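There are 2 protein chains.
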Amino acid sequence: MPVTLKELAARANVHPSTVSRVANNDPGLRIAATTRTRIEALLRETEYRPNGVARGLKLRQTLVLAVVIPDITNPFFAALFRGVEDGATPRGYQVLLCNTDGIPERQRAHLQSLSARRVDGVILASTFLKDPAVRWLRHQRTPYVLVNRFSEEGVDPFVGSDDVMGATLATQHLIGLGHVRIGHLAGQPTISTGVLRRKGYHAAMAEAGIPADPDLLVESGFVEEGGAQAMDRLLALKNPPTAIFAVTDMTAIGAYGAARRRGLRIPEDLAIVGYNDIPLAGRLIPGLTTVHVPIHEFGSVAARMLLEQIETGMLTPRRVVFAPQLVIRGSSCAGADEQLVPRPAPRSPAE
Amino acid sequence: MPVTLKELAARANVHPSTVSRVANNDPGLRIAATTRTRIEALLRETEYRPNGVARGLKLRQTLVLAVVIPDITNPFFAALFRGVEDGATPRGYQVLLCNTDGIPERQRAHLQSLSARRVDGVILASTFLKDPAVRWLRHQRTPYVLVNRFSEEGVDPFVGSDDVMGATLATQHLIGLGHVRIGHLAGQPTISTGVLRRKGYHAAMAEAGIPADPDLLVESGFVEEGGAQAMDRLLALKNPPTAIFAVTDMTAIGAYGAARRRGLRIPEDLAIVGYNDIPLAGRLIPGLTTVHVPIHEFGSVAARMLLEQIETGMLTPRRVVFAPQLVIRGSSCAGADEQLVPRPAPRSPAE
DNA sequence: TTGCGGTGAACAAACGATTGCCTTATGTTA
DNA sequence: TAACATAAGGCAATCGTTTGTTCACCGCAA
Chain A
150 MPVTLKELAA RANVHPSTVS RVANNDPGLR IAATTRTRIE ALLRETEYRP
200 NGVARGLKLR QTLVLAVVIP DITNPFFAAL FRGVEDGATP RGYQVLLCNT
250 DGIPERQRAH LQSLSARRVD GVILASTFLK DPAVRWLRHQ RTPYVLVNRF
300 SEEGVDPFVG SDDVMGATLA TQHLIGLGHV RIGHLAGQPT ISTGVLRRKG
350 YHAAMAEAGI PADPDLLVES GFVEEGGAQA MDRLLALKNP PTAIFAVTDM
400 TAIGAYGAAR RRGLRIPEDL AIVGYNDIPL AGRLIPGLTT VHVPIHEFGS
450 VAARMLLEQI ETGMLTPRRV VFAPQLVIRG SSCAGADEQL VPRPAPRSPA
500 E
Chain B
150 MPVTLKELAA RANVHPSTVS RVANNDPGLR IAATTRTRIE ALLRETEYRP
200 NGVARGLKLR QTLVLAVVIP DITNPFFAAL FRGVEDGATP RGYQVLLCNT
250 DGIPERQRAH LQSLSARRVD GVILASTFLK DPAVRWLRHQ RTPYVLVNRF
300 SEEGVDPFVG SDDVMGATLA TQHLIGLGHV RIGHLAGQPT ISTGVLRRKG
350 YHAAMAEAGI PADPDLLVES GFVEEGGAQA MDRLLALKNP PTAIFAVTDM
400 TAIGAYGAAR RRGLRIPEDL AIVGYNDIPL AGRLIPGLTT VHVPIHEFGS
450 VAARMLLEQI ETGMLTPRRV VFAPQLVIRG SSCAGADEQL VPRPAPRSPA
500 E
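As given, the protein sequences belong to chains A and B, one line each in that order.
Numbers in my numbering are just positions in the first sequence, counted from 1, shifted up by 149.
Numbers in my numbering are just positions in the second sequence, counted from 1, shifted up by 149.
See the structure below:
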């Protein structure tokens, strides 16, 4: 049962405000040395820590941030969260995690709770292209940063990667390998990454002079199950693709499963490229060729931008956009996995 | 900028307390119908939501829980967290996530912050067998539940699985397949799961009359890298094991890598069994034979126990222990993967 | 006129900390 | 001796809610 200022004051026979000033090391405080040491001893002895709720009320800051994402069991978001926490914890913040499952209503409910709790800021990685929630945040004057996906005209603080470029790299890679019938497992057109990665895919195809075939683009959403279903549809085509650019690694993993169930070999019968380079990508067999983005950094940079916004009190719509990089593994080039170095060490001891 | 009671009271020309009672639907409130509708209209119009910080101070409850784990990028903990959130959100709680990386000092720091913030309860999944942090929580009278791992004499609220039984099942399975030289990638003896799974391994070996060979047990910790290193040591033995029981699935994945780098085939040259049945286990090639535990349920049950504890104000050291089940896949029996049904659907749309 | 019961709200005291401004001694200077 | 610094802390308001208690008024009966 934590101790309060009032109790300490009674025990030290001084006024609570005096204890408070000693605890906070008030620079302008003039106090007798003996009194100070008496109070300090008491503070140590009782391990006094000011009540964060009361402090939050008075100072109007809770030292709590929130991360809003679709689903933490998706490794992309797990890595993202670590980035945020690693950026926020050293500054004294702790982080609420909110899963929306991609459902706007849940996102709205979470944001309302967060606002009522007076969190100091929100990192939003589940936003839609047209998203009333973002306008609401802006209108509430809640500091926020969008991550990975952005919203509307791009007038919000944002950190992510150049999706058009990444998708172009991926598609060009497949084209360079001689593929012509290249399918795209596409994200929803309601989400920025979905739209931009399509754009990159189309751009690369057009640039290579490959006529667009609408049958080759199937909307899969961003997770495994959708990837498998979409892949099934593509493979049922009379003239199926020989290569696939999947909008995310999880979608690509779904495609792996669909291909395997039909007895197709990867990459010989079907080359696959993903997006994001989640840790899992390198562990698949064959390894998944994918577009690497610095996921952990997305999180830590977003946290820093958010804290800056909180401290200055200003919403500067800075946009940090990383250049993605193609990582070639065995899912597109047979034998690529053998050339890799053993593997880097993971970060943490855990069960 | 959210509105306050005082402002609303001024606009409705009544006292703040009256607005409060209307907003909270105070049953014992006698009020003129016209006044009530006037206030209700104002509440709706301004979308009034009471300041959670002030409310928390007054009511002494924050409606915030915390989950303390080693690392959210480990799929086990991601699934666990979802369980907690799914159990807590419907009751109006939100959840702080704290990663410790298995470092006691970080766990301590997080718990101190949480206590200062007056979170209503803590779910701790990173505890050690002897853990001062747990006694501290108890002493602070912070409601808490231990998950997966327990501490000391087992006098804490706990939800987990029967680790001895699970480990016995796993080892017996390998014995039943005819293996005699069965290695164990073991968890730390400072952690309950490490100790109990060793115990189950030893028990099964002894019961089968297989003499214990100390060389076959190597401490690996709970993550991939440790599993790979420990496996390397086992494979360097003059008389290496033909089968492995790994203390967790992540450790088993490390063993996959080590075996592959030596050109060993799984399961023909080396059979592997893991523990936990994380989603990833079924996606490996070959699929990982493992001990299934209901991870998501760990979380949701823990949340319910915690809420019960919070509501009743009593710390009842109830222990919920699930019986684990062996899931046989291709990493122990060649061909087992082919007999599986296509696969269940995942839960959520996401990127 | 006094008393009484009911309405419909206002009052005020918390919750625990922070912080600008006072107050009370004591010592110093004119 | 009056005036005045200075040291050492105390006072009280405030953050936004909640909730037990009190109050003013009205109508009505005695």
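Don't be surprised by glycine CBs; every beta carbon is placed ideally from N, CA and C.
For clarity, every value in this text was computed on a predicted model and none was experimentally measured.
Report yes if the CB atom of residue i is closer than 8 Å to the CB atom of residue j, and no otherwise.
i	j	result
A420(B)	L323(B)	yes
A452(B)	G236(B)	yes
L206(A)	L206(B)	yes
G332(A)	L383(A)	yes
A485(B)	R478(B)	yes
M454(A)	A408(A)	no
F225(A)	N425(A)	yes
G295(A)	P281(A)	According to the sequence provided, residue 295(A) is Leu. The question's Gly does not apply to it. It is not a contact, given that the beta carbons lie outside the stated cut-off.
T439(A)	V422(A)	yes
V168(B)	L154(B)	yes
L326(A)	A395(A)	no
L365(A)	P390(A)	yes
S341(B)	L263(B)	no
R266(A)	M150(B)	no
T222(A)	V268(A)	no
S310(B)	V442(B)	yes
P416(A)	S481(A)	yes
I434(B)	I434(A)	yes
P219(B)	G177(B)	no
V202(B)	V217(A)	no
R468(A)	G343(A)	no
Identify every residue that forms a DSSP beta bridge with residue i.
i	result
F307(B)	L295(B), R468(B)
A352(A)	According to DSSP, A352(A) bridges with nothing at all.
T438(A)	V422(A)
L214(A)	V244(A), G270(A)
G332(B)	I393(B)
Q474(A)	H441(A)
E368(A)	A335(A)
In the DSSP assignment, find the unbroken alpha helix (DSSP H) run with residue i in it and report its ends.
i	result
V283(B)	281-289
V168(B)	165-172
G376(B)	373-384
L191(B)	182-195
F225(A)	224-237
A158(B)	154-161
L318(B)	312-325
I359(A)	No alpha helix (DSSP H) holds I359(A); DSSP gives it neither H nor E.
S264(B)	253-265
M150(A)	Segment: none, M150(A) is in no alpha helix (DSSP H) and carries neither H nor E.
T400(B)	398-410
K207(B)	201-208
The beta strand (DSSP E) that contains residue i, what's its start and end?
i	result
I459(A)	From DSSP, I459(A) is part of no beta strand (DSSP E) but of the alpha helix (DSSP H) over 444-461.
* Asked: Which residues, in order along the region 364-379 of chain A, keep a beta-carbon less than 9 Å from a beta-carbon of chain B?
  -> G370, F371, V372, E373, E374, G375, A377
* To do: Determine contact between the region 169-188 of chain A and the region 220-238 of chain A, defined as no fewer than three beta-carbon pairs at a distance below 8 Å.
  => The region 169-188 of chain A is not in contact with the region 220-238 of chain A.
* Does the region 183-195 of chain B come within contact of the region 177-191 of chain A, defined as at least 3 CB pairs closer than 8 Å? -> Taking 8 Å as the limit for Cβ pairs, the verdict is that the region 177-191 of chain A does not touch the region 183-195 of chain B.
* Interface residues of the region 198-213 of chain B facing chain A [CB-CB below 9 Å] -> R198, P199, N200, G201, V202, A203, R204, G205, L206, R209, T211, L212, V213
* Quick one, which residues of the region 215-233 of chain B are near chain A if we go by CB-CB under 9 Å, in chain order? -> A215, V216, I218, P219, D220, I221, T222, N223, P224, F225, F226, A227, A228, F230, R231
* Are there three or more Cβ pairs, one per stretch, closer than 8 Å when the region 396-404 of chain B is compared with the region 360-375 of chain B? -> yes
* Could you name the residues of the region 245-267 of chain B whose beta carbon sits closer than 9 Å to any beta carbon of chain A, in the order they occur along the chain? => L245, L246, C247, N248, T249, D250, G251, I252, R255, A258, H259, Q261, S262, L263, S264, A265, R266, R267
* Listed in chain order, which residues of the region 433-457 of chain A have Cβ atoms closer than 7 Å to some Cβ of chain B? -> I434
* Asked: Counting pairs of Cβ atoms below 8 Å between the region 232-252 of chain A and the region 260-274 of chain A, do you hit three or more?
  -> yes
* To do: Can you give me, in chain order, the residues of the region 289-310 of chain A that have a beta carbon less than 9 Å from any beta carbon in chain B?
  => Q289, R290, N297, R298
* Members of the region 415-432 of chain B that neighbour chain A once the beta carbon cut-off is set at 8 Å -> Using a CB distance below 8 Å, the part of the region 415-432 of chain B facing chain A consists of P428, L429, R432, ordered along the chain.
* Asked: Is the number of C-beta pairs between the region 343-352 of chain B and the region 300-320 of chain B that are closer than 8 Å three or more?
  -> Contact holds: three or more Cβ-Cβ distances are below 8 Å.
* Compile a chain-ordered list of the residues in the region 176-197 of chain B whose CB is closer than 8 Å to at least one CB of chain A. => none
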